[in-house]
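Each remark here refers to the structure printed beneath this line.
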Amino acid sequence: MNVLFLTGEAVPFVKTGGLADVAGALPKELVKKGVDIRVVLPLYKSIDQKYKEKMEKITEFYVDLDWKHQYAGVYQLKWDKVIFYFIDNLEYFDRDDSYGYDDDAERFIFFSKAATLLGKEINFKPDIIHSNDWHTAMVNVFVNDFRKGDAFFDDVRTLFTIHNLKYQGVFDSEYLRLAGLSGSYFNENDLKYYEAINFMKGGIVHASFVNTVSENYAREIQYPFYGEGLDGVIRKYSDKLVGIVNGIDFDVWDPETDALLAENYGMDSLEKKKANKLALQKMYGLPQREDVPLIGICSRLTEMKGLDLVRYILDELLQEDIQFVVLGTGDYTYEEMFKYFEWKYPDKLAARIYYSADESHLIYAGSDLYLMPSISEPCGISQLIAMRYGSLPIVREAGGLKNTVTAYNEYTGEGTGFSFANINAHELLFCIKNAINLYNNDKETFKGLMKNAMSQKNDWEMSGEKYLELYNDIKAK
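Residue numbers (the numbering used here): 4 to 480.
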């Protein structure tokens, strides 16, 4: 099985969101299962020099974009037994950030076209080209377009993974010409989206198969509330849509070996977890107390993360004897909200408005409860990490959160966290209070839930098996 895996980002080279974690971990798992999977991403300026020094240039070729004849250098690096290819073009990728530029359409049309042609240039015939999110969605269009005149693509099949439907790559229809595609693609059953073109729509329409990063999200996006304007298209192609939940890399996220913790611990040594709590409290300037329930958030601060619900009840919640730690950046309104409450309750809330991967490890290990009241959550990785570290997630039953967190059942003692169903601030408040009450009044049951959570098999092995099955299903026979 030969697979070309195309992504706009991948750990450890470049990361802006959860896609990078998947692109770093899933191929590593599939290599273990005997798949010859090779990952392709842009050679961004922001990639650390220590990686660039290990890369070897293997070829170069040119990509036609309308009247432009654009250079594409190909650099190779083997990392964690996975071969990575980096597409080099200084005009498009010698910039401080990965995305967010006025010419993003041109940049990712170039990358998608170069990545589609790459197999021919390096003599690697893929059975499957696996593209991810809007950055590489046009690959699915190119494969079908090239198939008309190039036998190389006759038996190449495509899988398109939607990590977040909210970001779709909607651009002016003029870019069709730049992509080298005929005007016939500008119709309602193809790339046309109002008076623009929509890369993600093209990915869904043209891919051999489509998947989302959880079973529940695959159902949700067929309805208007979660469909982000594409629910009709998704319903039309629902026969080629499945959900496969993400995993986490157990090599990276392991409380027994994690070098970033104050003290390592496991299911049989949970008393050592308290050392991380005290270290976290000290680092964030909170009173060092073992007995107080500590709630953590490590997240992008955006509306879809349910922070309006938090805003509505935070003053009331902070009347309780709790501590609250926030790490992340995002919309100004939420950054200011947390800074205000830190000023008002300096002994209860610590807000760190930046992102630090190292500090996030200590938050997962040092918190007792982990808050994710998301309005929409395609899969969510934080709740999986929190459970691995024995921090019980408090989640809204949305997307992958519903698939991965089992709500505490007071009658059976089962559960791996706490959940609420509706977009309702006081439902969230009561859910948090239930968790706090259990922490304060029934230590044994709470400890049992921690062990339940830590014993969950949320690594990539099972998900990798499902991707391999899907590859085999869609591979040309």
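Cβ atoms here follow ideal geometry from the backbone N, Cα and C, with glycine treated the same way.
All figures in this text were calculated on a predicted structure; none of them were measured in a lab.
Assumed close pair residue i, residue j - CB separation to whole angstroms, cut-off 8 Å
i: Pro129; j: Leu44; result: Not confirmed; about 16 Å, so no contact.
i: Leu473; j: Val329; result: Contact flag wrong, Cβ pair sits at about 37 Å.
i: Arg399; j: Ser422; result: 7 Å
i: Ala75; j: Met141; result: About 15 Å separates the two Cβ atoms, so there is no contact after all.
Neighbour-count burial assignment, residue i, 16 or more Cβ in a 10 Å radius
i: Ser458; result: exposed
i: Thr215; result: buried
i: His72; result: exposed
i: Ser217; result: buried
i: Thr415; result: exposed
i: Gln171; result: buried
i: Arg238; result: exposed
i: Glu32; result: buried
i: Gly103; result: exposed
i: Asp24; result: buried
i: Gln322; result: exposed
i: Ser359; result: exposed
i: Thr336; result: exposed
Contacts around residue i, its chain only, beta-carbon distance under 6 Å, and the 5 residues preceding and following it disregarded
i: Asn412; result: Gly418
i: Asp158; result: Ala479
i: Ile281; result: As written in the sequence, residue 281 is Leu, which differs from the Ile given in the question. Around Leu281: Gln291.
i: Ala28; result: Asp252 and Trp463
Rounded straight-line distance, which links the Cα of residue j to that of residue i
i: Gly11; j: His138; result: 6 Å
i: Asp100; j: Ser49; result: 7 Å
i: Leu263; j: Leu283; result: 12 Å
i: Asn443; j: Tyr392; result: 20 Å
i: Ala210; j: Val34; result: 23 Å
i: Ala13; j: Gln52; result: 16 Å
i: Tyr315; j: Lys169; result: 24 Å
i: Met340; j: Tyr178; result: 40 Å
i: Gly247; j: Trp346; result: The sequence given here places Ile at residue 247; Gly does not occur at that position. For Ile247 and Trp346, the distance between alpha carbons rounds to 42 Å.
i: Ala353; j: Lys342; result: 8 Å
i: His166; j: Glu380; result: 10 Å
i: Arg41; j: Tyr367; result: 32 Å
i: Lys110; j: Asp148; result: It should be pointed out that residue 110 corresponds to Arg in this sequence rather than to Lys. Whole-angstrom Cα-Cα distance: 19 Å.
i: Tyr47; j: Val38; result: 27 Å
i: Lys204; j: Met286; result: 46 Å
Contact set for residue i: own chain, Cβ-Cβ below 8 Å, skip 5 residues either direction
i: Ala199; result: Val173, Phe174, Asp175 and Ser176
i: Arg303; result: Gly20, Gly331, Thr332 and Gly333
i: Asp234; result: Ile224, Gln225, Tyr226 and Pro227
Cβ of residue i within 7 Å of any chain B Cβ
i: Phe433; result: Although the question refers to chain B, the structure presented lacks it and comprises just one protein chain.
For residue i, three-class secondary structure by DSSP
i: Val398; result: strand
i: Arg481; result: With the chain running from 4 to 480 in the structure shown, residue 481 is simply not present.
i: Trp256; result: coil
i: Pro227; result: helix
i: Gly418; result: coil
i: Leu312; result: helix
i: His133; result: strand
i: Asp175; result: strand
i: Pro45; result: strand
Residues near residue i in its chain [Cβ-Cβ closer than 7 Å; skip 5 each side]
i: Leu317; result: Phe344
i: Glu223; result: Tyr229 and Gly402
i: Phe155; result: Lys123
i: Met58; result: Tyr78, Gln79, Leu80 and Phe89
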